[in-house]
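S.K.:
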Amino acid sequence: MASVTLKGNPVQLEGKLVEVGAKAPDFNGTAKDLSSKSLKDYNGKVKILVSVPSLDTSVCAMETKKFHERATKLDGIVTLVVSGDLPFAMNRFCTMEGLDSPNLVTLSQFRDFSFSKAYGTHIADGGLKGLSARAVFVVDKDDTIQYVELVPEIASEPNYEAAIGAAKKLV
Numbered sequence: 002m003a004s005v006t007l008k009g010n011p012v013q014l015e016g017k018l019v020e021v022g023a024k025a026p027d028f029n030g031t032a033k034d035l036s037s038k039s040l041k042d043y044n045g046k047v048k049i050l051v052s053v054p055s056l057d058t059s060v061c062a063m064e065t066k067k068f069h070e071r072a073t074k075l076d077g078i079v080t081l082v083v084s085g086d087l088p089f090a091m092n093r094f095c096t097m098e099g100l101d102s103p104n105l106v107t108l109s110q111f112r113d114f115s116f117s118k119a120y121g122t123h124i125a126d127g128g129l130k131g132l133s134a135r136a137v138f139v140v141d142k143d144d145t146i147q148y149v150e151l152v153p154e155i156a157s158e159p160n161y162e163a164a165i166g167a168a169k170k171l172v
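Basically our numbering = 1-based index in the sequence shown + 1.
1) Taking only the alpha-carbon atoms, compute the straight-line gap between Lys74 and Ala167 and give it to the nearest angstrom.
2) For His69, which option in Val106, Asp42, Ser55 has the closest C-alpha, if you only look at C-alpha atoms?
3) Tell me which residue opens and which closes the beta strand (DSSP E) that Ser148 is part of.
4) For the candidate residues Ala32, Gln110, Thr122, Glu64, whose alpha-carbon lies nearest to that of Leu19?
5) Taking only the alpha-carbon atoms, compute the straight-line gap between Asp34 and Lys46 and give it to the nearest angstrom.
6) How many angstroms separate the CA atom of Ser4 from the CA atom of Leu14?
7) Could you check which residue in Ser37, Ala25, Ala32 has the C-alpha nearest to that of Phe89?
8) So the candidates are Gly127, Tyr148, Val139, Val21; which of them puts its Cα closest to the Cα of Ile155?
9) When the Cα atoms are used, what is the spatial distance from Pro103 to Val12?
10) Whose C-beta lies closer than 6 Å to the C-beta of Ala119 among residues of the same chain, with five residues either side of it excluded?
Here is the structure:
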C-alpha cells in the first residue's frame with residue numbers, strides 16, 4: 002500500500018500503483034453527458050490520464066487548466082481528467098474556464114471507483130477518503146503504461162513537462 006501526504010500528513014492509498022510497462026487497466030467513468038466511458042473508448046490514441054481529488058480545489062483546477070493549455074493542442078493525444086466530482090460540477094467548471102477542447106475529457110468516479118482502485122490512487126483514509134490522489138499516467142496507443150507520476154504531496158502540482166514530453170514521444 003503506497004502513501005502520499007496532504008499538507009504534510011500521511012495518507013494511505015489502496016491497491017498497488019500501476020507500473021511503466023504494464024497493460025493499462027480498463028476503468029469506468031461518467032462523462033458530462035452522463036454517458037459511461039472507459040479506456041477502450043480512446044483506443045488508438047495516446048492518453049494522458051490525470052487523477053485529481055476534486056476540481057473544486059485550487060490545485061486541481063490549476064492542473065486541469067494547465068493540461069488543457071499544454072496538451073490539448075497536440076494531435077493524437079487525449080487528456081482524461083478523472084475526479085470524484087459529479088459530472089455536472091465538472092461540466093460547470095469546464096464551461097466557466099473555457100475548457101472546451103475535444104482532447105480534454107472530464108470523467109467522474111461518482112458511480113464507481115474502478116479508476117482509482119485499479120491504478121493504485123484510491124485514498125483509503127483521512128478527510129479525502131474515497132477520492133483519488135494526484136497522479137499522472139501516460140498510456141500509449143496499445144494501452145501500455147509509458148509514464149507514471151504519483152505526486153507525493155496531494156497539494157502539489159505534477160511535473161507537466163515530463164508527462165507531456167512522454168506523451169509527445171508516442172505520437
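Just so it is clear, CB atoms sit at the ideal spot from N, CA and C, and this is done for glycine as well.
What you are looking at is a predicted structure, and each value in this text was computed from that prediction instead of being measured.
M.R.: From the atom records:
1) 15 Å
2) Val106
3) According to the sequence shown, residue 148 is Tyr rather than Ser. Start and end: 146-151.
4) In the sequence under discussion, the amino acid at residue 19 is Val, which differs from the Leu named in the question. Comparing Cα-Cα distances from Val19 to each of Ala32, Gln110, Thr122, Glu64, the minimum goes to Thr122.
5) 22 Å
6) 5 Å
7) Ala32
8) Gly127
9) 34 Å
10) Pro26, Phe28
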